[in-house]
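Have a look at the structure below, then the notes.
Protein chains: 2
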Amino acid sequence: MLSDRQLLIFQVIVDDFIRSAQPVGSRSLSKKEEIQFSSATIRNEMADLEELGFLEKTHTSSGRIPSEKGYRFYVDHLLSPQQLDAKDVDSVRSIFAERIFEMEKLVQKSAKILSELTNYTSIVLGPAVRENKLRRIQIVPLNNEAAIAIIVTDTGYVENKMFHLPPGIDTGDIEKFVNILNERLTGVPLEELNSKIYKEVAFVLSQHIRSYDAMLSSIADSLKLPVNERLFFGGKTNMLSQPEFHDFVKIKNLLTMIEHEEDMYDIIRQNPSGINVKIGKENGVSAMEDCSLITATYSIASEQLGTIAILGPTRMEYSRVISLLQFLSTDLSTALTKLYQSK
Amino acid sequence: MLSDRQLLIFQVIVDDFIRSAQPVGSRSLSKKEEIQFSSATIRNEMADLEELGFLEKTHTSSGRIPSEKGYRFYVDHLLSPQQLDAKDVDSVRSIFAERIFEMEKLVQKSAKILSELTNYTSIVLGPAVRENKLRRIQIVPLNNEAAIAIIVTDTGYVENKMFHLPPGIDTGDIEKFVNILNERLTGVPLEELNSKIYKEVAFVLSQHIRSYDAMLSSIADSLKLPVNERLFFGGKTNMLSQPEFHDFVKIKNLLTMIEHEEDMYDIIRQNPSGINVKIGKENGVSAMEDCSLITATYSIASEQLGTIAILGPTRMEYSRVISLLQFLSTDLSTALTKLYQSK
DNA sequence: GTTAGCACTCTTTTATAACGAGTGCTAAAT
DNA sequence: ATTTAGCACTCGTTATAAAAGAGTGCTAAC
Numbered sequence: 027m028l029s030d031r032q033l034l035i036f037q038v039i040v041d042d043f044i045r046s047a048q049p050v051g052s053r054s055l056s057k058k059e060e061i062q063f064s065s066a067t068i069r070n071e072m073a074d075l076e077e078l079g080f081l082e083k084t085h086t087s088s089g090r091i092p093s094e095k096g097y098r099f100y101v102d103h104l105l106s107p108q109q110l111d112a113k114d115v116d117s118v119r120s121i122f123a124e125r126i127f128e129m130e131k132l133v134q135k136s137a138k139i140l141s142e143l144t145n146y147t148s149i150v151l152g153p154a155v156r157e158n159k160l161r162r163i164q165i166v167p168l169n170n171e172a173a174i175a176i177i178v179t180d181t182g183y184v185e186n187k188m189f190h191l192p193p194g195i196d197t198g199d200i201e202k203f204v205n206i207l208n209e210r211l212t213g214v215p216l217e218e219l220n221s222k223i224y225k226e227v228a229f230v231l232s233q234h235i236r237s238y239d240a241m242l243s244s245i246a247d248s249l250k251l252p253v254n255e256r257l258f259f260g261g262k263t264n265m266l267s268q269p270e271f272h273d274f275v276k277i278k279n280l281l282t283m284i285e286h287e288e289d290m291y292d293i294i295r296q297n298p299s300g301i302n303v304k305i306g307k308e309n310g311v312s313a314m315e316d317c318s319l320i321t322a323t324y325s326i327a328s329e330q331l332g333t334i335a336i337l338g339p340t341r342m343e344y345s346r347v348i349s350l351l352q353f354l355s356t357d358l359s360t361a362l363t364k365l366y367q368s369k
Numbered sequence: 027m028l029s030d031r032q033l034l035i036f037q038v039i040v041d042d043f044i045r046s047a048q049p050v051g052s053r054s055l056s057k058k059e060e061i062q063f064s065s066a067t068i069r070n071e072m073a074d075l076e077e078l079g080f081l082e083k084t085h086t087s088s089g090r091i092p093s094e095k096g097y098r099f100y101v102d103h104l105l106s107p108q109q110l111d112a113k114d115v116d117s118v119r120s121i122f123a124e125r126i127f128e129m130e131k132l133v134q135k136s137a138k139i140l141s142e143l144t145n146y147t148s149i150v151l152g153p154a155v156r157e158n159k160l161r162r163i164q165i166v167p168l169n170n171e172a173a174i175a176i177i178v179t180d181t182g183y184v185e186n187k188m189f190h191l192p193p194g195i196d197t198g199d200i201e202k203f204v205n206i207l208n209e210r211l212t213g214v215p216l217e218e219l220n221s222k223i224y225k226e227v228a229f230v231l232s233q234h235i236r237s238y239d240a241m242l243s244s245i246a247d248s249l250k251l252p253v254n255e256r257l258f259f260g261g262k263t264n265m266l267s268q269p270e271f272h273d274f275v276k277i278k279n280l281l282t283m284i285e286h287e288e289d290m291y292d293i294i295r296q297n298p299s300g301i302n303v304k305i306g307k308e309n310g311v312s313a314m315e316d317c318s319l320i321t322a323t324y325s326i327a328s329e330q331l332g333t334i335a336i337l338g339p340t341r342m343e344y345s346r347v348i349s350l351l352q353f354l355s356t357d358l359s360t361a362l363t364k365l366y367q368s369k
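Chains as they are written, first to last, in the numbering used here: chain U, 27 to 369; chain G, 27 to 369.
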């Protein structure tokens, strides 16, 4: 569909604009060594590329910038899987250098490094605990009225919630109660806990414990997991350095959007596994229409755990970011699998 | 030291500037109804106030704005304890409307409401767990190599940490170990845990458990509390709407500073109990030299728990914010005392 | 098919002037 | 002895115009 020359010109324009953030003109293009034809020829090609919808002008006599369709094409067809810079490799590896133990810490550090490396904003979702299996339930009474329910999963994730004790319950009952829960529920994935409690455990409890139901509903309520997986951010303010956001309305909208965790959660979470690129309006949110979002998923063995994402301007270093995310998500998956698979 | 007329003029200037963010001129002042003298008189007084260091000009022929010294004087001497708006009272009360249980939730909601009410940034530190008393230690083994240590305090605070199990330890030993810890350490304030473990518990353990020391040091290490109390923020991006921050360098520095949790932690934490106002350079941080920080502490009974703070431009609604913080911190203290004092 | 040349467009920069809000000072009024 | 009216002056802001510069589209020559 596009001639080789058009491809070449298009690619150079995109690369140049990604680097400089300035519209690219025919004259400056003609001076590049990889381009051998005159500025007039380039102008003709550029006009064609614009007609095809790959380029845009900011005003009648300006140079060209890539359109969203252009970026999409660039990402889909012009991005050769590029070798990652040795420095970048080192930086990513440094995440795993210390023998970090908790998943969350690892994931948090990943977010930090990613944002420093790219100078964009990084967002990491996870790790998902939905499919974690229950390791232990504990109940710690605080006083006559309240107690804490604690659950621990096989990956070391701990969740806790305070609840009211039914009046008049005694410690022996609580202990029995917990023992029954542990007997019946250990090994059950968190997402099935709630239904399992009512379907299978309630009956057993009823036979052993007076007034079990008040407590059971308190507990079941407390354990209404999955708790939203947490989001971790890195470099929230990095976008302030991007020239396209030297505009108070834009930056305010964007930062406000980022602060709004529930929305971000939905946006990140809806991405399918593997690498994913959403460009500009594809994000479906007006605050992000000058942004691109690249996501990658990570997993333990084949079980998808979470998502790493980079949010940058549409004029983003797609190639490098994609390589980075690919590399990091693979490494993260490997590390986590090694840590938690070897039960 | 200052005449009544000077006080009046000064107060009106500050109030006006706080409202409008515009330098205040003599003519516009003379038109206010509370001011009965001519603009020329006002000019003379303003010149004197400037000489005394309470006012500044932005350029030779501009109106006046309050200097930092001026704000300091205003806060220290001109602020009458003002009645809080009925709306504000309602909003603050709404924090306690739902019967919230966990301290952290309460504190988080306070941060949110405060920032919405003021359109400044709110920062809440706490609640401190240093003096919380240990209620229970649990150890949950995950596999042969790792286990989770969980501690629960009398206020329902839960902290957990993963640690390595010494090779070859058996479950019976772990159980004994935990029982001894609980016997000896229940009721001990978190901040004393570490020393107590080594001084009093180590010996007992040594008599009952083989290879106790490897595990003890893992655990003690894990429990190296107090974990920094957490910071909660509200309205991080609110400062973007303040006209004094319509400057990319300033806003970037400020937001970056805010993101840097450790620094913020120190800044908030160092404030003594009660209401505290830091104006501009008094904050000692260049990123905050156009800001004022107002802090208030909250407590359970007489034990100080944490700090609520509002970060705004130096041109801040001091009177209203101080009233708000005073009111909220009192209410928060009362609510928490009621919840947790009645053990 | 390619390219040199040129008129034209539009932004950015620079210069200049006009405006206006505000001051400080002097001299008159109270 | 204050207070105030009056006025010259300052300086930032706004408006206008002109010049510069980067880039385009089109035509005609190569």
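Ideal Cβ placement from N, Cα and C applies to all residues, glycine included. Owing to the predicted nature of the structure, the values given are computational and were not obtained by experimental measurement.
So, is the C-beta of G:N70 closer than 8 Å to a C-beta in chain U? Here residue 70 of chain G is taken as the residue at index 44 of the second sequence, counted from 1. Answer no: the Cβ-Cβ gap between G:N70 and chain U never drops below 8 Å.
Give a yes or no on whether the minimum CB-CB distance between G:A66 and chain U is below 8 Å. As a working mapping, residue 66 of chain G is identified with position 40 in the second sequence. At least 8 Å separates the CB of G:A66 from every CB of chain U.
Is the distance from the Cβ of G:F63 to the Cβ of G:F36 below 8 Å? Here residue 63 of chain G corresponds to residue number 37 of the second sequence, with the count starting at 1. Here residue 36 of chain G corresponds to residue number 10 of the second sequence, with the count starting at 1. Not closer than 8 Å, so no.
Pick out whichever of U:I301, U:S325, U:V50 and U:G51 has its Cα sitting closest to the Cα of U:Y366. Start at 1 with the first residue of the first sequence, and residue 366 of chain U comes out as number 340. Here the closest residue by C-alpha is U:S325.
At least one CB of chain U closer than 8 Å to the CB of G:K278: is that the case? For the purposes of this step, residue 278 of chain G is taken as the residue at position 252 of the second sequence. Yes, contact with chain U.
For U:L351, which residues from the same chain have a beta carbon less than 7 Å from its beta carbon, with the 5 sequence-adjacent residues on both sides left out? Residue numbering aside, residue 351 of chain U sits at position 325 when the first sequence is read from its first letter. Counting only Cβ-Cβ distances below 7 Å, and skipping sequence neighbours, we find I301, I320, A322, I334 and I336.
Are the C-beta of U:E2 and some C-beta of chain G separated by less than 8 Å? The requested residue 2 of chain U is not part of the displayed model; chain U covers only 27 to 369.
Under the rule that 16 or more other beta-carbon atoms within 10 Å means buried, what is U:K369, buried or exposed? Here residue 369 of chain U refers to the residue found at position 343 when the first sequence is read from its first residue. Its pLDDT being 45, under 50, U:K369 is placed unreliably in this model, and the coordinates cannot settle the point.
Residues that DSSP places opposite G:L257 in a beta bridge: Looking up residue 257 of chain G in the second sequence gives position 231. Paired residues: G:L151.
Apart from the five residues just before and just after U:D30, which ones in its own chain have a Cβ nearer than 8 Å to its Cβ? Sequence index remark: in the first sequence, residue 30 of chain U carries index 4 (1-based). Nothing meets the Cβ criterion.
By the 10 Å Cβ neighbour count, where 16 or more other Cβ atoms means buried, how is G:F229 classified, buried or exposed? The residue given as residue 229 of chain G occupies position 203 in the second sequence. With fewer than 16 Cβ atoms within 10 Å of its Cβ, G:F229 is classed as exposed.
Which ranges would you report for the beta strand (DSSP E) in the stretch 173-249 of chain U if only whole runs of at least 3 residues count? 184-190
Per-residue DSSP class, three states only, for G:E329: Here residue 329 of chain G refers to the residue found at position 303 when the second sequence is read from its first residue. The three-state reading of DSSP puts G:E329 in strand, counting E and B together.
Classify G:R162 as buried or exposed, calling it buried when 16 or more other Cβ atoms lie within 10 Å of its own Cβ. Within the second sequence, numbered from 1, the residue matching residue 162 of chain G stands at position 136. So G:R162 counts as buried.
Please list, in chain order, the chain G residues whose beta carbon lies closer than 7 Å to that of U:E285. Against the first sequence, residue 285 of chain U aligns to sequence position 259. In chain order, K262 and T263 make up the part of chain G whose C-beta sits under 7 Å from the C-beta of U:E285.
Which residues in chain U have a C-beta closer than 8 Å to the C-beta of G:Q48? List them in chain order. Your numbering for residue 48 of chain G matches position 22 in the second sequence. The contacting residues do not exist; G:Q48 stays about 19 Å from chain U at best.
Less than 8 Å between CB atoms is the rule here; does G:E128 satisfy it with respect to chain U? Counting from one through the second sequence, the residue named residue 128 of chain G turns up at place 102. With its beta carbon less than 8 Å from one in chain U, G:E128 belongs to the interface.
Using DSSP bridges, identify the partner residues of G:N297. The count along the second sequence starts at 1 and reaches residue 297 of chain G at position 271. DSSP output for G:N297 lists no bridge partner at all.
Compare the C-beta of U:Q164 with all C-beta atoms of chain G and state if any pair is closer than 8 Å. Reading the first sequence from its first residue, position 138 is the one you call residue 164 of chain U. Taking Cβ atoms only, chain G reaches closer than 8 Å to U:Q164, which makes this a yes.
Judging by CA-CA distance, which residue of G:T360, G:S148, G:L281 and G:P269 is the nearest neighbour of U:S267? Position 241 of the first sequence, counting from 1, holds the residue named residue 267 of chain U. Ranking G:T360, G:S148, G:L281 and G:P269 by Cα distance to U:S267 puts G:L281 first.
Inter-residue Cα distance where the pair is G:N297 and U:K364: The sequence position of residue 297 of chain G within the second sequence is 271, counting from 1. The sequence position of residue 364 of chain U within the first sequence is 338, counting from 1. Looking at the two C-alpha atoms, the distance is approximately 46 Å.
In chain U, what lies closer than 7 Å to G:V133 by C-beta? Locating residue 133 of chain G in the second sequence gives position 107, where the first residue counts as 1. Those do not exist, as G:V133 stays about 14 Å from chain U at its closest Cβ, beyond 7 Å.
Checking contacts by CB at 8 Å: is U:I223 closer than that to chain G? Within the first sequence, numbered from 1, the residue matching residue 223 of chain U stands at position 197. Closer than 8 Å: no.
What is the DSSP secondary structure of G:N158, reduced to helix, strand or coil? In the second sequence, residue 158 of chain G corresponds to position 132, counting from 1. Three-state result, G:N158: coil.
Can you list, in chain order, the stretches of the alpha helix (DSSP H) that have 4 or more residues and sit fully within the stretch 69-100 of chain G? 94-99
For a cutoff of 8 Å on Cβ pairs, would you count U:N186 as touching chain G? The residue labelled residue 186 of chain U in the question sits at position 160 within the first sequence. Taking Cβ atoms only, chain G reaches closer than 8 Å to U:N186, which makes this a yes.
In whole angstroms, give me the CA-to-CA distance for U:R236 and U:I165. The sequence position of residue 236 of chain U within the first sequence is 210, counting from 1. The sequence position of residue 165 of chain U within the first sequence is 139, counting from 1. Using only the alpha carbons, I get a separation of about 17 Å.
Considering only residues of the same chain and omitting the five flanking positions on each side of U:I305, which have a CB-CB separation below 8 Å? On the first sequence, residue 305 of chain U is found 279 positions in, with the first residue counted as 1. Excluding five sequence positions before and after U:I305, the CB atoms of its chain that fall closer than 8 Å to its own CB belong to E94, Y97, R98, V101, S318 and T340, given in chain order.
Between the stretch 105-113 of chain G and the stretch 68-85 of chain G, do at least 3 Cβ pairs fall closer than 8 Å? no
Starting from U:V178, find everything on chain G with Cβ-Cβ shorter than 9 Å and list it in chain order. In the first sequence, counting from the first residue as 1, residue 178 of chain U sits at position 152. Those within 9 Å of U:V178 in chain G are Q164, V166, L168, I174, I176 and N186.
Assumed close pair G:A259, G:S148 - CB separation to whole angstroms, cut-off 8 Å: As a working mapping, residue 259 of chain G is identified with position 233 in the second sequence. As a working mapping, residue 148 of chain G is identified with position 122 in the second sequence. A small correction: the amino acid at residue 259 of chain G is Phe; Ala does not occupy that position in the sequence shown. Confirmed, about 7 Å.
8 Å contact criterion, which U:E287 and U:L257 should meet: CB distance rounded: Reading the first sequence from its first residue, position 261 is the one you call residue 287 of chain U. Reading the first sequence from its first residue, position 231 is the one you call residue 257 of chain U. Right, their Cβ atoms sit about 6 Å apart.
Rounded separation between U:T356 and U:L140 - CA only: As a first step, residue 356 of chain U must be located in the first sequence, where it is residue number 330. As a first step, residue 140 of chain U must be located in the first sequence, where it is residue number 114. In a straight line, the C-alpha of U:T356 is about 14 Å away from that of U:L140.
Going along the chain, which unbroken runs of the alpha helix (DSSP H) with 4 or more residues stay wholly within the stretch 314-368 of chain G? 344-367
Does the stretch 166-175 of chain U come close enough to the stretch 186-194 of chain U that 3 or more CB-CB pairs lie under 8 Å? yes
Can you name, in chain order, every residue of its own chain whose Cβ lies under 8 Å from the Cβ of U:D111, other than the five neighbours on each side? Counted from its first residue, the first sequence places residue 111 of chain U at position 85. Closer than 8 Å at the Cβ level, and outside the excluded window around U:D111, lie R346.
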